[in-house]
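Residues in the sequence shown are numbered from 13 upward in steps of one, following the working numbering. Don't be surprised by glycine CBs; every beta carbon is placed ideally from N, CA and C. See below for the structure under consideration.
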Amino acid sequence: MRMETNPWIIGLKAARANLVPGLVLQGAAFALLASYYLLPAVTRALDEVAVWQVRYGVPFSFASYLFFCGIVPYLFCLALPPLRPKEPGKALLFALGVWSFAGLILPQFYAFQTYLYGSAADVRTLTLKIITDQCGYTAFFASPYIAITHLWKDRGYRWSAIAPLLGRGWYRRLVIPNLVMNWVIWIPSLLVIYSLPASLQSHVAGLIGGFWALMSLQIAAHTQSR
Numbered sequence: 013m014r015m016e017t018n019p020w021i022i023g024l025k026a027a028r029a030n031l032v033p034g035l036v037l038q039g040a041a042f043a044l045l046a047s048y049y050l051l052p053a054v055t056r057a058l059d060e061v062a063v064w065q066v067r068y069g070v071p072f073s074f075a076s077y078l079f080f081c082g083i084v085p086y087l088f089c090l091a092l093p094p095l096r097p098k099e100p101g102k103a104l105l106f107a108l109g110v111w112s113f114a115g116l117i118l119p120q121f122y123a124f125q126t127y128l129y130g131s132a133a134d135v136r137t138l139t140l141k142i143i144t145d146q147c148g149y150t151a152f153f154a155s156p157y158i159a160i161t162h163l164w165k166d167r168g169y170r171w172s173a174i175a176p177l178l179g180r181g182w183y184r185r186l187v188i189p190n191l192v193m194n195w196v197i198w199i200p201s202l203l204v205i206y207s208l209p210a211s212l213q214s215h216v217a218g219l220i221g222g223f224w225a226l227m228s229l230q231i232a233a234h235t236q237s238r
């Protein structure tokens, strides 16, 4: 059987393989959005998070994103033997380093989006923010950053092992498949994120990202245990 080399097709196949967890993720995200606007208890709870964000600023959004996207998935891996890292200390440092940096950058990007387009949740504003997010931030920073750092992790944290893979065509080979899957899975979730108040966006993004990571890890554990 011929191995598929077209990165766009690889990305679409990956999105199709993750269709069910992706739909679960999107359903949970829209349920959260509906709950925020329809259920007073949820509104009060999330508004309190927004108050903390205003009060504590960047350190709070940083800690929240790191917890959901870095710490929780790491602890999940420790709890499942098929996913338990061979070097837990290095895996922890990797999670802290990678998601700390992302946790510093993402809230600033959301603030920049609000500065550019405002905080309204109308169709025009949501469309502009999602296009800027997926065709700018994600395409030129988030996807390459995640692809390269996780490749580095998979190759034993050795830059010498991944340097040959970062030559001509590296973006096409490494990034585009992940980018295509990201577009299919994440765009509906971004509708939720950008429909919420600006002070909640990075926290909900971290929550959704952590939920997606846990589902992906659960699928990996189930696959490896067969």
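Distance between residue j and residue i (C-alpha atoms, nearest Å)
i	j	result
W171	Y157	14 Å
N163	Y48	Before going on, a small fix: residue 163 reads as Leu here, not Asn. In a straight line, the C-alpha of L163 is about 37 Å away from that of Y48.
I199	A123	19 Å
W147	L128	In the sequence as displayed, the identity of residue 147 is Cys instead of Trp. Answer to the nearest angstrom: the Cα atoms are 16 Å apart.
P176	R167	12 Å
L108	V135	36 Å
V66	E60	10 Å
S214	N18	33 Å
V62	T126	Checking the displayed sequence, the identity of residue 62 turns out to be Ala instead of Val. Using only the alpha carbons, I get a separation of about 15 Å.
D145	F152	10 Å
G69	P52	25 Å
Element boundaries [alpha helix (DSSP H), containing residue i]
i	result
D59	52-68
P119	100-129
C89	84-91
V28	The question names Val, but residue 28 is Arg in the sequence shown. Taken as a continuous stretch (DSSP letters only), the alpha helix (DSSP H) holding R28 covers 19-29.
L203	188-207
Spatial neighbours of residue i in its chain, beta-carbon cut-off 6 Å, leaving aside the 5 residues before and after
i	result
Y206	L138, K141
A159	L186, V187, N190
V84	G222
A217	I205
A103	P97
A225	P85
I174	L163, W164, R167
I220	A41, S201
W111	L78, C81, G82
Minimum C-alpha distance to residue i - residue among the options
i	options	result
W64	L212, A225, G221	L212
L58	A225, G222, P209, L226	P209
F113	T161, F124, P19, R180	T161
A27	P71, R56, N190	N190
A132	L203, A29, H215	L203
E99	P119, Y169, F79, F72	Y169
Beta-carbon proximity list for residue i, same chain, < 7 Å, skipping 5 on both sides
i	result
L116	F74
G130	T137
V192	W20, G23, L24, A27
S194	Per the sequence presented here, residue 194 reads as Asn, with Ser not at that position. T150, S155.
L90	R96, P100
F72	W64, Q65
L118	Y77, S214, A217
Nonlocal neighbours in the same chain, by C-beta distance under 8 Å from residue i, ignoring five residues either side
i	result
T235	Low confidence applies here, because T235 scores a pLDDT of 46, under 50, leaving its location unreliable; read the following figure in that light. None.
(message) Quick check on the DSSP output: what are the complete alpha helix (DSSP H) runs of length 4 or more inside the stretch 122-175, in order along the chain?
(response) Unbroken alpha helix (DSSP H) stretches of 4 residues or longer found wholly inside the stretch 122-175: 135-144, 155-166, 171-174, given in chain order.
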